[in-house]
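Under the numbering used here, think of the first position of the sequence shown as 1093, with each following residue one higher. Quick notes on the structure that follows.
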Amino acid sequence: MKTLIRNGSVVTPQGVHMMDVLVEGETIAALFAPGPTSDDLAGSVVRVIDAQGKYVIPGGIDAHTHMELPFGGTFASDTFETGTRAAAWGGTTTIIDFAVQRYGERVQDGLAAWHEKASGNCFIDYGFHQIIGGVDDDSLKAMDELIDEGVTSFKLFMAYPGVFYSDDGQILRAMQQAKNNGSMIMMHAENGIAIDVLVAQALARGETAPINHGLTRPWETEQEATHRAIMLARITGAPLYIVHMSAKQAVHTVQEARDLGLNVFGETCPQYLYLSLEEQLGAPGFEGAKWVCSTPLRAKAEGHQDELWRYLRTNDLSIVATDHCPFCFKEQKELGIGDFSKIPNGIGSVEHRMDLIYQGVVEGQLTLERWVEITSTTPARMFGLYPQKGAIAPGSDADIVVYDPNGHTSIGIDKTHHMNMDHSAWEGYETDGHVDLVMSRGEVLVDEKGFHGTKGHGRYLKRSLSQYLI
Ligand code: URP
Ligand code: ZN
Ligand code: ZN
1093 MKTLIRNGSV
1103 VTPQGVHMMD
1113 VLVEGETIAA
1123 LFAPGPTSDD
1133 LAGSVVRVID
1143 AQGKYVIPGG
1153 IDAHTHMELP
1163 FGGTFASDTF
1173 ETGTRAAAWG
1183 GTTTIIDFAV
1193 QRYGERVQDG
1203 LAAWHEKASG
1213 NCFIDYGFHQ
1223 IIGGVDDDSL
1233 KAMDELIDEG
1243 VTSFKLFMAY
1253 PGVFYSDDGQ
1263 ILRAMQQAKN
1273 NGSMIMMHAE
1283 NGIAIDVLVA
1293 QALARGETAP
1303 INHGLTRPWE
1313 TEQEATHRAI
1323 MLARITGAPL
1333 YIVHMSAKQA
1343 VHTVQEARDL
1353 GLNVFGETCP
1363 QYLYLSLEEQ
1373 LGAPGFEGAK
1383 WVCSTPLRAK
1393 AEGHQDELWR
1403 YLRTNDLSIV
1413 ATDHCPFCFK
1423 EQKELGIGDF
1433 SKIPNGIGSV
1443 EHRMDLIYQG
1453 VVEGQLTLER
1463 WVEITSTTPA
1473 RMFGLYPQKG
1483 AIAPGSDADI
1493 VVYDPNGHTS
1503 IGIDKTHHMN
1513 MDHSAWEGYE
1523 TDGHVDLVMS
1533 RGEVLVDEKG
1543 FHGTKGHGRY
1553 LKRSLSQYLI
């Protein structure tokens, strides 16, 4: 099957070029300037897609999702089926989800459970990071084994004591293992021990509303943990990727480490660029529960959001992922009525990341090239998928999005909403630009006629080591 995408502007981190793209089977066969070659080919291919006036970009890679994550006595509400369908609608053609090892469980069993959930259910390709919920001799050994299975990054938590938490000694040991086997340590950097004291004190004072989730996780708890994680990484020589960063001070600490030449990387998410403690988490009544996530939304008055955009420009933040972890309001977020600490942590955004970050281009925060870099190419390089993913180049998978800069997207539960949630954290957001067509390994999943994806089309991706560590 041959497809020709004609007359579009191909956007990659290297630039924007008028190019036609020939797809053969599952991969990109050739790129060439529009003209006679294209005219000749157009007669022989099975399908011609006209991308005149549109951008042709590599499919989005969301490097941080949590389908069906067990959390706070419930489960994230998207399955691999519903979550990958929603991702495809929004121009994301690869996710990297987090397999979970809980304390007392074998790491290999946690990974097997995630394969079970995902296998045969995904509309787009997927890989796994592994959460290490209990660092001990067995789990450290398992890290080496998992690398052979294509799981080359491991998340540790400095928060959630009693659930996923690792102490500094455990973190140090896991980092030593990563240094030796070439893998990446991903860190949830919040001082969970201090936070739990602040939470207990707030509840004792009768401060139970959702905004207290943010007030009991002040930026100092994020910056302190970020600094400590960097120091531990420095002792061991391990690379470090800090997930879901929201405090400008914490990113400043990442910047200082990077300026010293350390292999430290920062990730942020759309919610930290647009939403705030005052407006969303502080919404009246229990409404703010929709935006309870960790790290928390930060105060606009303190200027975090603008600083995070700036750090995306300077590459001190390298990636925008979603940390997609959706919960319904009814019966899930509602578990925390009367006690904010019982609200399941997470926001659903997998469907909207490409549009929301493109809006940053429209508003002058990012260049077009940087949009593609932080949403697709860098995630591919960071997590061992490049150039199979994250590129528009001969030999790469034909994961392609045709994006209309003159289109418009209205986000809301009755509009563009395919995530398995009863509300949208992005209700009422209007963005310039529109995902017109989405292709995954040569198969059109989304076009102007609607959704054509096939459950089970999505394949497991055995990832290599990060390219940034070589
Ligand atoms: O609130 C969040 N971030 N929920 C998902 C779990 C995690 O820590 O990434
Ligand atoms: Zn986390
Ligand atoms: Zn997460």
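All C-beta atoms, glycine included, are put in the ideal place defined by N, C-alpha and C. Keep in mind it's a predicted model, so treat the numbers as computed, not measured.
Looking at E1348, P1302, G1306, the one whose alpha-carbon comes closest to that of H1319 is E1348. The residues D1447, T1508, T1523, G1525, H1526, in chain order, have a CB closer than 7 Å to that of T1501 in the same chain once the five nearest residues on each side in sequence are set aside. Relative to ligand 2, even the nearest heavy atom lies 8 Å or more away from the CB of D1154.
Within the stretch 1272 to 1354, complete alpha helix (DSSP H) segments of at least 4 residues are found at 1284 to 1296, 1303 to 1307, 1311 to 1328, 1340 to 1351, given in chain order. Only residues of its own chain outside the window of five on either side were considered, and among them E1118, T1119, Q1480, K1481, R1533 have a CB closer than 7 Å to the CB of D1489, listed in chain order.
Look at R1139 here: in three-state DSSP terms it is strand. 9 Å or more divides the Cβ of H1109 from the Cβ of E1359. A buried status is given to L1332, since no fewer than 16 other beta-carbon atoms sit within 10 Å of its beta-carbon.
One alpha carbon belongs to K1422, the other to D1514, and they sit about 8 Å apart. In its chain, beyond the 5 residues on either side, F1378 have a beta carbon closer than 7 Å to the beta carbon of I1429. Selection I1411, L1404, L1295 evaluated against L1458 yields L1404 as nearest (Cα-Cα).
Rounded to the nearest whole angstrom, the C-alpha separation of R1551 and T1176 is 12 Å. Restricting attention to G1152, P1497, D1170, the CA atom closest to the CA of G1145 is found in P1497.
Counting every other CB atom within 10 Å of its CB across the protein chains shown gives G1440 a total of 16 or more, marking it as buried.
Any heavy atom of ligand 2 within less than 6 Å of a residue's beta carbon puts that residue on the list, which reads H1280, V1335, H1336. In this chain, the alpha helix (DSSP H) harbouring V1454 covers 1445 to 1454. When distances are taken from the beta-carbon of F1249 to the heavy atoms of ligand 1, the shortest one is below 8 Å. By the Cβ-count criterion, M1279 is buried, with 16 or more other Cβ atoms from all chains shown falling within 10 Å of its own Cβ. M1474 is not bridged by DSSP to any residue. Here the C-alpha atom of P1302 lies approximately 32 Å from the C-alpha atom of V1227. Counting other Cβ atoms within 10 Å of its Cβ, K1425 reaches 16 or more and is therefore classed as buried.
Taking a cut-off of 8 Å for Cβ pairs, the stretch 1265 to 1273 and the stretch 1394 to 1402 do not touch, as fewer than three such pairs fall below it. Here the alpha carbon of Q1315 sits roughly 33 Å from the alpha carbon of L1553. Uninterrupted alpha helix (DSSP H) stretches at least 4 residues long and entirely within the stretch 1169 to 1202 occur at 1172 to 1181, given in chain order.
Taking the CA atoms as reference points, H1221 sits about 22 Å from G1165. Between the stretch 1463 to 1481 and the stretch 1149 to 1163, the count of C-beta pairs closer than 8 Å reaches three or more; the two stretches touch. Distance check between V1442 and each of E1455, T1414, I1492 places T1414 closest, using alpha-carbon atoms only. Exclusion of the five residues before and after E1299 leaves no residue of its chain whose Cβ lies closer than 6 Å to its Cβ. Counting along the chain, A1391 sits inside no beta strand (DSSP E), nor does DSSP assign it H or E at all. DSSP places Y1366 inside the alpha helix (DSSP H), whose first and last residues are 1362 to 1366.
Secondary structure note for V1536: its beta strand (DSSP E) is the uninterrupted segment 1535 to 1539. The nearest non-hydrogen atom of ligand 1 is 8 Å or more from the C-beta of I1322. Buried is the label assigned to F1190, since at least 16 other Cβ atoms lie within 10 Å of its Cβ. Assigned with DSSP and collapsed to three states, G1487 falls in coil, not helix or strand. Relative to ligand 3, D1170 has its C-beta separated by 8 Å or more from all heavy atoms. Annotation: A1330 to L1324 spans about 8 Å, alpha carbon to alpha carbon.
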